[in-house]
């Protein structure tokens, strides 16, 4: 295998011909998540014939279209349920779901909850831009308190959904959140998520200058991207400060969004458990035949 | 642990060749015989026995059963599994069928073979959960948005629950369209004798796989391996064709073409014509005493049973009554109805709803004869005597 | 020939299984046509439950009974609720210990099914005793066919108990015939 060294080589290998240009706006974070995923796949050296993508509706859900692989671009919120069936059909598949905050945490919330609870072997990459970008900037379930959307013109009064926290509570095997301006940790995390049996959630905080940044007065693209650096903090740093820091330091970080790996466990995945069940039935049957 | 259909194993799991079983369980048997390897379900009366039957047997034939979080998830997983190479099915009743409408349309648009068993109960809404009805016969045809052709069977007996589930898989695989078995709470919860067919008497159709060179493959166009066939070859996920499948209007390559009228028209005409072109070949009916009939019942599903009883009473009394039973309700047998309407004076359409299939019957009777709706709702079948009164014109 | 048979009792007593065994005996172990349908309330246990079997030598159209040719009752409530539509010449079989108020001015066959089942050590087989009694009293089906159907329908580990129950029922039915 020729070792890929540049992003250009990477794109040549992984991008689907004929789908360009993308639908993404200038300053959008989605392309970055796509590149991180490519790097992770490249480093893992997976057979791309067996990596299957599923997605729902929204900007993030368009990503499988740009990848030279099998992809199922489904209905709004349902990608994870479709992915469950894909994986059930062939245990050799690596199933990756691209979804957004509206798709996954809003309309698809129930499918997300139950796939995580069942610990279905899949990697869900949820790109959170705090807004329904594709349809013009309506309120998302992850939108920060007070933020402006076309359907929250006077400011959002609902509490935002912390989807990582939810995934941890459901016992997902791997849960992480990252931004899109520092590549190494997220690429490592995507690799870990894909390798992990059972359910993995990777949340990416991604800027949407067009629908979110503009409306929320976050400035130009550069400033909008800087907002993420200024308003996030590594989970470990946050924990240290909240434990040992001064009141002033705590005040400074308490509203920042933590980044990092929140859960990394080894509970048996659904299909491992299912195979055990099948073996148990076989054993029982062979015993009852032997006993006759 | 990839599923391989093993006819011997399937029969071991099903048990004796002749059995006395529920209509719902017969649907399970039909699915297993057809080679179903994935079932995504959600409990709902009066269809839960299908899920229960699958949960008990699928792991023993090498398939996967998952109880999903709702019916939306069930049909979604079923479609996903189909793209992964499985024959897959789900079963539900009216409220669940309503939830499935979204992804039923997705299956049509993406040309995904799969089977939905709908054990109909009364509605609207929650209705009478344990009681049968035929209120979803138009929903299966027109219930999802946009243009489509439906494939919908209506079994009248427990044996047909099994046979039509197998046939539903066959048509679904052949045309790459979802197919529905529109049974009901009456037949679903009835026990009757079924005979499990031997393997050599069983006709099983599998989707035609994509086989041509990957660089020449076009996923959403006429078949590239057989001539004049509007059903594309199936590029099972994982076989290297790297297909993009979307519910958006797409061009022949599968790429979104949401702002292009010709692409939409070409796509939707092809996915409907692949079935409507064959409508005459697809006619599946049972004709009883029609040769000399001047009154005919046109009926389907459970309702055909009291209609047959009423016909027999009438024949004993010297009335020339016949019966046309639609086994496959959609595509609708247009020409047959027109021919019948030319022959008889009156067509009576008994249904366990306030009049659904009577509409296409009226349309294709073309005013050649009188068409009378004979509705019955509330979870009870027509009594033979009630239908007999229609024959007397009362 | 077309016969409508109704077995009724309270939920949990196994009336559905009893109907199932009779229907199966007729259509799988003999060459009749048979359908079995059932109705029960929303409660899983208790309440009045019934199981209807139609046995015919011709194809069965309308699958619900339009009258009753043979009524088997195993509880007072179900006996009171489900006998309005029985035919004038209908055969009625009751367990007099379970249907205490059974004097309705008609001849009926009395089978102490519960008592027999208790003698066998498990009242769970009351329904199977009744199936046996039905077989000899009604005389429509061959005892061998019904016995095979019983064996085919109960869990393997309970075969012996159920066969005993069936045979005791068969005998009790014969005695009831003599008594009347």
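Protein chains in written order, with my numbering: chain A, 169 to 460; chain B, 660 to 1053; chain C, 590 to 769.
C-beta: ideal position from N, C-alpha, C; glycine also.
These numbers come from a predicted model, not from an experiment.
By the criterion of a C-beta distance shorter than 6 Å, residue 811/B is surrounded in its chain by 799, 839, 841, 988 and 989, once the five residues flanking it on both sides are discounted. What residue 849/B touches in chain C, judged by beta-carbon distance under 8 Å, is 624, 625, 626 and 652, going in chain order. For residue 617/C, the chain B residues whose C-beta falls within less than 9 Å of its own C-beta are 675, 677, 678, 679 and 852, listed in chain order. Counting along the chain, no alpha helix (DSSP H) covers residue 312/A, and no H or E run does either. Taking 8 Å as the CB threshold, residue 599/C stays off the interface with chain B. Taking every protein chain shown into account, the CB of residue 198/A has 16 or more other CB atoms within 10 angstroms, so this residue is buried. Scanning its chain for C-beta atoms nearer than 6 Å, with the 5 sequence neighbours on each side dropped, one finds around residue 685/B the residues 817, 820, 821 and 853, in chain order. When the beta-carbon positions are compared, residue 600/C and residue 662/C stay at least 8 Å from each other. When only Cα atoms are considered, residue 455/A and residue 739/C end up about 25 Å apart. Shown here for residue 616/C: same chain residues with a beta carbon closer than 7 Å to its own, the five before and five after excluded, namely 622 and 623 in chain order. Separation of residue 258/A and residue 661/B (C-alpha to C-alpha, rounded to the nearest whole angstrom) is 6 Å. Residue 752/B counts as buried, since at least 16 other C-beta atoms from the protein chains shown sit within 10 angstroms of its C-beta.
Those residues of the region 703-735 of chain B placed with their C-beta closer than 7 Å to a C-beta in chain A are 718, 719, 723, 725, 727, 728, 729, 731, 732 and 735, ordered along the chain.
Within the region 274-357 of chain A, the beta strand (DSSP E) runs of at least 3 residues that lie entirely inside it are, in chain order, 290-296 and 342-346. Closer than 8 Å at the C-beta level to chain B, one finds these residues of the region 251-264 of chain A: 251, 252, 253, 254, 255, 256, 257, 258, 259, 260 and 261. As a beta-bridge residue in DSSP terms, residue 843/B pairs with 779/B. The continuous beta strand (DSSP E) containing residue 981/B extends over residues 980-985.
DSSP lists 241/A and 266/A as the bridge partner or partners of residue 223/A. Taking every protein chain shown into account, the CB of residue 748/B has 16 or more other CB atoms within 10 angstroms, so this residue is buried. The residues 730, 734, 735 and 738, in chain order, have a CB closer than 6 Å to that of residue 614/C in the same chain once the five nearest residues on each side in sequence are set aside. When secondary structure is reduced to three states using DSSP, residue 886/B falls in the coil class, being assigned neither helix nor strand.
When C-alpha distances from residue 983/B are compared across 712/B, 975/B and 1020/B, the shortest belongs to 1020/B. Taking a Cβ-Cβ threshold of 7 Å, the residues of chain C close to residue 964/B are 650, 651 and 652, in chain order. Under the three-state reduction of DSSP output, residue 916/B falls in the coil class, being neither helix nor strand. If only uninterrupted beta strand (DSSP E) runs of at least 3 residues are considered, those enclosed by the region 752-826 of chain B are 773-779.
Within chain B, no residue has its beta carbon less than 7 Å from that of residue 712/C; the closest one is some 25 Å off. Taking the Cα of residue 323/A as reference, the smallest distance to any Cα among 307/A, 331/A, 334/A and 338/A is reached at 307/A. Contact of residue 233/A with chain B by beta-carbon distance below 8 Å involves 903, 905, 914 and 915. Comparing C-alpha distances from residue 757/C to each of 745/C, 715/C and 607/C shows the shortest one belongs to 715/C. Nearest C-alpha to residue 286/A among 803/B, 726/B and 744/B: 726/B. Looking only at 349/A, 269/A and 282/A, the smallest Cα-Cα distance to residue 300/A is reached by 269/A. Counting C-beta pairs closer than 8 Å gives three or more between the region 275-291 of chain A and the region 234-251 of chain A, which meets the contact rule. Taking C-beta atoms as the reference points, residue 730/B and residue 758/B count as a pair closer than 8 Å.
With a beta-carbon spacing of about 30 Å, residue 957/B and residue 890/B fall beyond the 8 Å limit used to define contacts. Going by DSSP, residue 710/C is part of no beta strand (DSSP E) at all; its letter is neither H nor E. Residue environment: residue 374/A is assigned as buried (16 or more neighbouring CB atoms within 10 Å of its CB, all protein chains considered).
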